[in-house]
Amino acid sequence: MAWFFILFALMLVISPVMWLKPSPRQRRIAALRSQVMRAGVSVKLESPPLHGIKTAMPVYRWHYPQERPGPDFLLVRDSHAADALKPFAHGWRWRHEPLRPLPAPLETRLRSLLGRLPQDALVVESGARALGLWWHESQGFERVSTYLEDFQALRDGLAGRPDDPTAASAFGGGGE
């Protein structure tokens, strides 16, 4: 009977330690974020630009050079967009279109990329400072790495195409 109490006491001591151990999903996401950040992408948890979602969500950002700001646009996956929004590519709608149309090669690259993104990718946005992807990190780095080159090429093509061409000079190259 004494052994039972000793074992019970030992379990009481060990159980909180087990709660502190990261889950397999937490370990996978930590590894993913670390590898993506090494590839030059910034990762943050922020409130997404979606109606009705107030909890923080991961956003991966590819920053434009300060002297070459990007255009402003916001694309939302159909599952989180109102039917009144203008369709862009299969499953995606404009919440905010760029003021100047995208050149055909950039539009083609963007459409292709949107078609390959996982279902938990909900928003692709661009602002003066960065191109961003809001998603729930359902995939590992092996799969995400197949998007990195496309996002980098898209970022490079969009850089220097701000909606307000005076933004770069008005703010010393910083835009917004």
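Each residue of the sequence shown is one higher than the last, beginning at 888 in the working numbering.
Backbone N, C-alpha and C fix where the C-beta goes; we use that ideal spot for every residue, glycine too.
Please read all numbers here as calculations on a predicted model, not as lab measurements.
V963 and D1050 have their C-alpha atoms roughly 19 Å apart. The continuous beta strand (DSSP E) containing Y947 extends over residues 944-950. Take W949, set aside five residues on each side of it, and the residues of its chain with a beta-carbon closer than 7 Å to its own are V928, A1017, L1018, F1038, Q1039, R1042, in chain order. Within its own chain, the residues whose Cβ lies closer than 8 Å to the Cβ of F960, once the five positions on either side in sequence are excluded, are W981, H983, E984, P985, E1012, S1013, listed in chain order. Just so you know, the alpha carbons of A943 and I916 end up roughly 15 Å apart. With 16 or more other Cβ atoms from the protein chains shown falling within 10 Å of its own Cβ, W1021 counts as buried. In this structure, DSSP gives L932 an extended state, which the three-state scheme calls strand. In the three-state reduction of the DSSP assignment, E984 falls in the coil class. Each of H977, L919, W890 was checked against the Cα of R1030, and the nearest Cα belongs to L919. In the DSSP assignment, K973 is bridged to W981.
R964 carries a strand assignment under DSSP once its states are collapsed to helix, strand and coil. Judged by beta-carbon spacing, L1045 lies beyond the 7 Å limit of G978, meaning their Cβ atoms are not closer than that value. Exposed is the label assigned to L897, since fewer than 16 other Cβ atoms lie within 10 Å of its Cβ. Close CB contacts of A976 within its chain, under the 6 Å cut and outside five residues either way in sequence, are with R998, L1001 (chain order).
With respect to the 7 Å criterion, P945 and L932 are classified as neighbours on the basis of their beta carbons. Going by C-alpha positions, W890 is about 25 Å away from W906.
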